[in-house]
Each structure stands twice: as C-alpha cells, then as structure tokens.
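Note sheet for the following structure.
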Amino acid sequence: MKVYTKTGDKGTTALFGGTRVPKDHIRIDSYGTVDELNSYIGLIRDQEIDSHYKTILIEIQDRLFTVGAILATPQEKEVLKNGELRLKNLGIIDSDIQLLENEIDKMEESLPQMTHFVLPGGHPTVSHCHIARCICRRAERLAVHLSHNEHVPEIAIMYLNRLSDYLFVLARKLSSDLKAEEVKWIPRK
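The sequence shown lines up with residues 1 to 189 when you count with UniProt numbering.
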C-alpha cells in the first residue's frame, strides 16, 4: 500500500465511510488538531520523566486516536450497511475520564494549593506540557464548534476538557519533580 493516493490533490479528503469534504472543513480541522495534540504528547513522553507518567501518556495517546476516529466519522456513517457499528470496538467511556481525574487528584495531593496564576515555562518538559494543554483546548473548541452543526458525542468533548486539566496539573507536577522555577503572574497595579 502506498502512502500517497493522489485523491486529495484537489483539496478534498475522505472521512470514515467515504464521504469527501474539503480539507479545510471543520471536521478535518477538529480531528487534525487532535492528531497534532497526540504528536505533542508523544514529545512529552519522550522526555526524561517518571515511567508512570509515560504509561499514562501512552494510554492518553491511544484514547486520542479514538477521539480522532470519532471526529472523522459523520453520524450517517456510524452504522455499516450490515448493521454493525463502524467504530464497534472504539469509544470513550466514563472510565477513561475517571482515569484522568484520578491522576489529577494523585498529583495534586503532593502539590501546594494554587494561589496564583503561573506563567508557562521553567523547564523544557514543563513548557511542552503547557503547549500540549493549549493544543488540547484548541481541539476542544473545534470539537464544540463542530457539534453546533454535526453530531459529536458529548463524552469526546468531556474527554478533551478533562485532558487539558490533566496536562495543566502534569505541568505543575513536573515543575515540582524537576525543581523548575514557577513564575507567578503578577498583574499591573
């Protein structure tokens, strides 16, 4: 199988199920941003961090492939002609969100309570987390935008929302683990 198909040379691409749409369609932008996020999480996973975080990040990357598949499937193509679900063994479930919440709670137990806004940075690994968090928020906004006109399962949006929270807390935890300086945001008086 060749990587190039030439079917997109005129600016269209196929969704799951074969429907062709322009490459700048909100659905493409939505799952493309999830792919960008997944790549950035791979970069975080490649850093010198605790193996537990790496394990959780692999799980997150797997779930993001699922979110991408969900976003790439128009509602009218969710069921195959034989009655089977196109994404039969794929989906985001409550336990996926619960995993993120449990990890957030564990990390926060060892962190001081937040009393101020923190400027992103302090260590390259921490900065990567903040960039991933911003990409995640963009993916969430695009999924919400898509949901205004097309079906998007609410749980996929919930997952992206919780994931951005996880990435924020992971950045704080890695700041602590790496003894990076957290710079407080100080508003002008």
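Virtual Cβ for every residue (Gly too), placed ideally from N, Cα, C.
Alpha helix (DSSP H) containing threonine 66: first to last residue?
Along the sequence shown, one-based indexing puts residue 66 at 66. Where threonine 66 is concerned, the enclosing alpha helix (DSSP H) stretches over 51-71.
Test item: CB-CB of leucine 43 and histidine 128 under 9 Å
On the sequence shown, position 43 is the one that residue 43 refers to. On the sequence shown, position 128 is the one that residue 128 refers to. Their beta carbons are under 9 Å apart, which means leucine 43 touches histidine 128 by this criterion.
Out of Ala180, Glu84, Ile70, Pro112, which has the shortest C-alpha to C-alpha gap to glycine 93?
To locate residue 93, count along the sequence shown from 1; it is residue 93. Note on identity: in this sequence residue 93 is isoleucine, with glycine being the wrong assignment. It is Ile70 whose Cα lies nearest to the Cα of isoleucine 93.
Please look up how many angstroms separate the CB atoms of threonine 33 and alanine 139, rounded, as I've assumed it's under 8 Å.
Walking along the sequence shown from the start, residue 33 turns up at place 33. Walking along the sequence shown from the start, residue 139 turns up at place 139. Confirmed, Cβ separation roughly 4 Å.
When the Cα atoms are used, what is the spatial distance from serine 110 to isoleucine 104?
Residue 110 sits at position 110 when you count from the first residue of the sequence shown. Residue 104 sits at position 104 when you count from the first residue of the sequence shown. Cα to Cα, the separation comes out at about 11 Å.
CA-to-CA distance, isoleucine 186 to alanine 156, given in whole angstroms:
Locating residue 156 in the sequence shown gives position 156, where the first residue counts as 1. Locating residue 186 in the sequence shown gives position 186, where the first residue counts as 1. Between alanine 156 and isoleucine 186, the C-alpha separation is close to 35 Å.
I'd like to confirm the pairing. Which residues does DSSP put opposite arginine 137 in its beta bridges?
The residue given as residue 137 occupies position 137 in the sequence shown. DSSP, once it has assigned bridges, lists no residue as partnering arginine 137.
Rounded straight-line distance, which links the Cα of valine 126 to that of lysine 10
Counting from 1 along the sequence shown, the entry for residue 10 is found at position 10. Counting from 1 along the sequence shown, the entry for residue 126 is found at position 126. Cα to Cα, lysine 10 sits roughly 40 Å from valine 126.
Determine the extent of the alpha helix (DSSP H) in which residue 241 is found, giving its start and end residues.
Within the shown structure, residues of the chain are numbered from 1 to 189, placing residue 241 beyond reach of any answer.
When the Cα atoms are used, what is the spatial distance from threonine 55 to lysine 189?
Taking the first residue of the sequence shown as position 1, residue 55 is located at position 55. Taking the first residue of the sequence shown as position 1, residue 189 is located at position 189. Roughly 44 Å separates the two Cα atoms.
By Cβ distance below 6 Å, which residues in the same chain neighbour glutamine 61 in space, the five residues on each side in sequence not counted?
Indexing the sequence shown from 1 puts residue 61 at position 61. Cβ within range, chain order: Asn38, Ile41.
Taking Cβ positions, are isoleucine 26 and leucine 146 nearer each other than 9 Å?
The residue you call residue 26 lines up with position 26 of the sequence shown. The residue you call residue 146 lines up with position 146 of the sequence shown. Going by C-beta atoms, isoleucine 26 is nearer than 9 Å to leucine 146.
Nonlocal neighbours in the same chain, by C-beta distance under 6 Å from leucine 90, ignoring five residues either side
Sequence index remark: in the sequence shown, residue 90 carries index 90 (1-based). Within the same chain, leucine 90 has close Cβ partners Thr66, Ala69.
Smallest Cα separation from aspartate 96: which of Tyr166, Asp177, Val183, Thr13?
Numbered from 1 along the sequence shown, position 96 holds the residue referred to as residue 96. The option with the nearest alpha carbon to aspartate 96 is Tyr166.
Note down, one range per segment and in chain order, each alpha helix (DSSP H) of at least 4 residues found wholly within the region 134-182.
154-177
Does tyrosine 4 pass the burial test, meaning 16 or more other C-beta atoms within 10 Å, or should it be called exposed?
On the sequence shown, residue 4 is found 4 positions in, with the first residue counted as 1. Exposed, because fewer than 16 other Cβ atoms sit within 10 Å of the Cβ of tyrosine 4.
Given histidine 116 as reference, the closest of Gly8, Glu182, Arg133 once Cα atoms are compared
Position 116 of the sequence shown holds residue 116. The residue with the shortest Cα to Cα distance from histidine 116 is Glu182.
Could you give the distance in angstroms between the alpha-carbon of glutamine 75 and the alpha-carbon of histidine 151?
Position 75 of the sequence shown, counted from the first residue, corresponds to residue 75. Position 151 of the sequence shown, counted from the first residue, corresponds to residue 151. When rounded, the distance between both Cα atoms is 6 Å.
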